[in-house]
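Chains as they are written, first to last, in our numbering: chain A, 444 to 1050; chain B, 18 to 298.
A short worksheet on the structure shown next.
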Amino acid sequence: MIATPALPPGLLGIDDLSIGYGGGQMRGLAVRDVSLRLAPGGALGIVGESGSGKTSVALAILGLLGPAAEMRGLIAFEGQVLAAPPSKAMAPRQHRALLGRRIGTVFQDPFSALNPSRRVGVQIAEPMRHHLRVGRADALARTLRLLAEMGFDHPQDIARCYPHQLSGGMQQRAAIAAALSCQPSLLILDEPTTALDVTVEAQILALLAGVRRRHGMALFVISHNLRVIEALCDDVCVMYAGMIVERGPVARVFRDPGHPYTIGLLGSRPRISAPARARLPAIPGYGQGAAREETGCVFARRCTMREGACDGEQAPVRAVDPDHLVLCWKHPARPQADRPALPPSLRDAGRVHEQLVVAAGLSKSYGRSAAAAVDGVSFTIAEGEILGLVGESGCGKSTLGRLVLGLAAANAGSVRFAGSDIGMLKDGALRGFRREAQLIFQNTSSALNPRHTIGRALARPLQLFEMVPPSLRSQRVRELLGMVQLPSDYAFRYPHELSGGERQRVAIARALATEPRFIVCDEPVSALDVSVQAAILNLLADLRDTQGVGYLFISHDLAAVGQIADRIAVMYRGKICEIGETFQILGAPQNAYTKTLVASGRQDVLF
Amino acid sequence: MPDGFSRRGRGRPSASLIAGAAIVGVLLATVALAHVLAPYPFDQFHIHDRFSPPSLKYLAGTDEYGRDVFSRVLIGSQLSMTLGLVSTIICMGLGVPIGLLCGSVRGLADELVMRLLDLLMAFPPILLVLLILVVTPPGLLKTSVAIGILFIAPVARLARSLTLDLMNAGFTEAARARGEYLWYLLLCEFLPNMWPTLLVEASLRLVFAVLMGAVLSFLSFGVQPPASDWGLMISGGRAFVDNAPWIALAPGIAMAITVIGISLLGDGLRDRLHPQFSGKG
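In structure tokens:
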């Protein structure tokens, strides 16, 4: 170890960390001058949108930055220098020995974090056998104890399972057990609940908070989800374009945000109890990712409170109070939260078709299994109406969405679209239906053809349905990209050059290209950052009110559904167990399952 | 399809692409200019120079009749390459569309075609080609066609399995949701994703075809003497491999260079065509 004169105190200390991927002159910094302190047993969260640099910070701690990355600054852990470039203070082998033993890590997707071909118990026991030289019997006993602590009733059975035999939430609990296996003093959580259902998310968050309390271990949480940070952390750092723009205790930052970006972020969260047809105050523009070499405040381009000083130089750090710091010229002034003016609703004008979609007795079962995926479901959707469909994963929501579009054949029942049975449509009429009814689906990794540029993916529906003359096609593509808040030069990119959230936005734009009257949205925003999510939800609501588009909005995120839906249907095991106006379902649920769902969804509305 | 959103010029080509293209380029030039480059006619006897080892006069030595082996290899390349290219074009040209259609349409037609191809594959390949060749007089083009037909089955199976995989992709569902034409889905969405694998398969098939042609000539069912097909030369030189190894070695080396060059080119093109592997322009 190198004896550094000013070793940061505490469990984890980061001083002036900068990370660049630009090659050469550290241009296009992904992380700029980040300094952090985490005390033993503390809990620190980093929140920011994709591309803000939060994951780069975590990777730097783990020593997993790729060879293309350049790094400046100092990272110290438990009084040892982890990294102080250019001298690699700690050899990769020593660094690796710390990982798993003193630093545990939980990633976003538990299924890819666990080895699919090895039993769960073996994967939990292995780190302690390797790092702590614990005997076989001892390791087994500790594994079972850990699994019991993770809330498994029958740890022995779970230990013998392979990952694919467990549900997503169970996998994540097993992954947490594996991370805790060596009793680390620091647990790094990278989007720990993003891949999970809302009911499961609540369980995992409670579990993690309990683990921290019992073992006195420190948490370092990275998330774009404010709810996660709020549930787990004492302190929070808000990152934007590689810089920490605001930091302080969670309660104070979230209740009294000082930076315009934080204010925007908090404001753009969907609310479960949003007034009908309300819009979210979205942050204008889009994140620019790595900070460019511009003078002035990094956020100035999107700031609603921008003034002369903001363009001059980067704002200084200002203290709201001793431990609440803001990187902004204007603090403590509060912006005027001007709500965007609502466009007049076609629905209020009474100019709508009341029965755009009528589903009657839809049933679908796969193979010879006795349980039907969808079991006798009926509902109607009017023009200019959003029907929210909520329920846990595996309850048949996605199958229902495909039945409604005629993409899967129903075993029984019928769907009528604008008066005609879609099962009877042929050729031209079917093509017309395909243009008017679109699908926005969840799977982002294969939603776009990897061989086609974004522009080509968006141009094809325009060409297929002759939406615009060929000469205007590329202009329309740029407009569509603008609608989902993507820069127009993205038309020339390939899908692998986009982040997951950006790909999802392209998939949304592709569905909107045909100017449909009805859209089935299957988890359209669950992969998006709150600020982008707000913009997309607003866009969908605008199309509803101005064009009379009807939606089936499938989501496990009750807040998003509560924000946007006019009516909500709750699905449980293939059946709709409750359906009604949004305020009824969320305010006074009747069904027992709905009550649980609403209760776990409401936990985030703490202020 | 001109959509105005393509992107060209993606950084430097890989080493294997350059090497493969160079080898194949030289090979094709040789095939075209074989008669000009060859120092002697392929069937000219030099009775006094039988079994001469490689020398400046006979670059690759002479065979049992005193024919120049180097000239024979050069001129034989025309036969071997024709055979390889014709049978590859036949098996890819028929196998890929069969696989695409079977994998996307499914149902009874798929079932029937696949069982038929199973039947074709169940026969020992040599036996099948022999069957075709025995009933009619041998000839280069006929041999190529027979080998091409034989290779339809594996190519169609590969194309079908690739198609089945792509049928589950999200963009396929999006295409179905907009009522996309089948031809667009297969040709414009699927085929670009299948190119890399198909290219490698095509280079393999070409190599197999040349080898199979050699086997058939060896069994005296393919090209007939005194033609200098590589397979024929190897089979003829086999008897003298102890005393005059160059007779069999020269066409063997030529075949190895061909195989390596085509494989390198196939691999290089695959990487080049993959947007993720090529440089981010």
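A virtual CB, placed ideally from N, CA and C, is assigned to each residue, including glycine.
For clarity, every value in this text was computed on a predicted model and none was experimentally measured.
Compute the Euclidean distance between the alpha carbons of residue 851/A and residue 955/A, then round it to the nearest angstrom.
22 Å
Can you tell which of 1014/A, 554/A and 664/A has its C-alpha closest to the C-alpha of residue 639/A?
554/A
Please check the pair residue 545/A and residue 598/A, which I expect to be a contact at CB under 8 Å, by giving their CB distance rounded to whole angstroms.
Not quite, the Cβ-Cβ distance comes to about 25 Å (not below 8 Å), so this is no contact.
Find the residues of chain B that neighbour residue 904/A, judging by a C-beta separation of less than 8 Å, and give them in chain order.
195
Residue 998/A to residue 179/B span [Cα, whole Å]
32 Å
In the structure shown, what three-state DSSP assignment does residue 771/A receive?
coil
Spell out the partners DSSP gives residue 288/B in its beta bridges.
Answer is none; residue 288/B lacks a bridge partner.
Contact set between residue 668/A and chain B, taken where Cβ atoms lie within less than 8 Å
Correct list: empty, because the minimum Cβ distance to chain B is about 24 Å.
Assuming residue 690/A contacts residue 590/A (C-beta within less than 8 Å), just tell me the rounded distance between them.
Not really, about 36 Å apart at Cβ, beyond 8 Å.
Evaluate contact between the region 70-77 of chain B and the region 195-204 of chain B, counting only Cβ atoms and requiring at least three cross-stretch pairs below 8 Å.
no
Below 9 Å between beta carbons is the criterion; list the residues of the region 937-956 of chain A that meet it against any residue of chain B, in chain order.
937, 938, 939, 940, 950, 953, 954 and 956
Would you kindly check if the distance between the Cβ of residue 164/B and the Cβ of residue 226/B is under 8 Å?
yes
Tell me, please, which residues DSSP counts as bridged to residue 546/A.
542/A and 629/A
Presumed contact (8 Å Cβ cut-off) between residue 655/A and residue 486/A, rounded CB distance:
6 Å
Counting pairs of beta carbons, one from the region 82-101 of chain B and one from the region 38-55 of chain B, are three or more of them closer than 8 Å?
yes
So what's residue 553/A in DSSP terms, helix, strand or just coil?
helix
Residues of chain A with CB closer than 7 Å to the CB of residue 186/B, please, in chain order.
889
Give me the Cα-Cα distance between residue 184/B and residue 210/B, rounded to the nearest whole angstrom.
12 Å
Straight-line CA distance for residue 609/A to residue 567/A?
15 Å
Residues of chain B with CB under 9 Å from residue 907/A, in chain order?
195, 196, 197, 198 and 201
Between the alpha carbons of residue 919/A and residue 666/A, how many angstroms are there, rounded?
34 Å
Tell me which residues share the same chain as residue 819/A and place their Cβ nearer than 6 Å to its Cβ, disregarding the 5 neighbours each side in the sequence.
804 and 806
Is there a C-beta anywhere in chain B that falls below 8 Å from the one on residue 733/A?
For residue 733/A, the pLDDT reaches just 47, beneath the cut-off of 50, and the residue's location in the model is therefore unreliable, although a value from the coordinates is still provided. Cβ-Cβ to chain B under 8 Å: no for residue 733/A.
Please work out which residues of its chain come closer than 7 Å, Cβ to Cβ, to residue 1040/A, disregarding the five sequence neighbours upstream and downstream, and give them in chain order.
642, 833, 1001 and 1013
Is the CB of residue 71/B under 8 Å away from at least one CB in chain A?
no
Less than 8 Å between the CB atoms is what I'm expecting for residue 703/A and residue 747/A, so what's the real figure, rounded?
6 Å
Following the continuous beta strand (DSSP E) through residue 197/B, name the residue where it begins and the one where it ends.
Note, residue 197/B: premise wrong, no beta strand (DSSP E); not H, not E.
Start and end of the alpha helix (DSSP H) containing residue 105/B?
86-122
According to DSSP, residues forming a beta bridge with residue 458/A
517/A
Cβ of residue 881/A less than 8 Å from any chain B Cβ?
yes
Have a look at 561/A, 556/A, 514/A and 519/A and flag the residue whose alpha-carbon is nearest the alpha-carbon of residue 629/A.
519/A
Locate the alpha helix (DSSP H) running through residue 592/A, then write down its first and last residues.
579-592
Residue 891/A and residue 900/A: beta carbons closer than 8 Å?
yes
Residue span of the beta strand (DSSP E) that contains residue 479/A, given as start and end
472-481
With respect to 7 Å, is the separation between the Cβ of residue 572/A and the closest non-hydrogen atom of the ligand FMN below this value?
Although the ligand FMN was asked about, the structure shown includes no ligands whatsoever.
What does DSSP give as the partner residue(s) for residue 59/B in the beta ladder?
DSSP, once it has assigned bridges, lists no residue as partnering residue 59/B.
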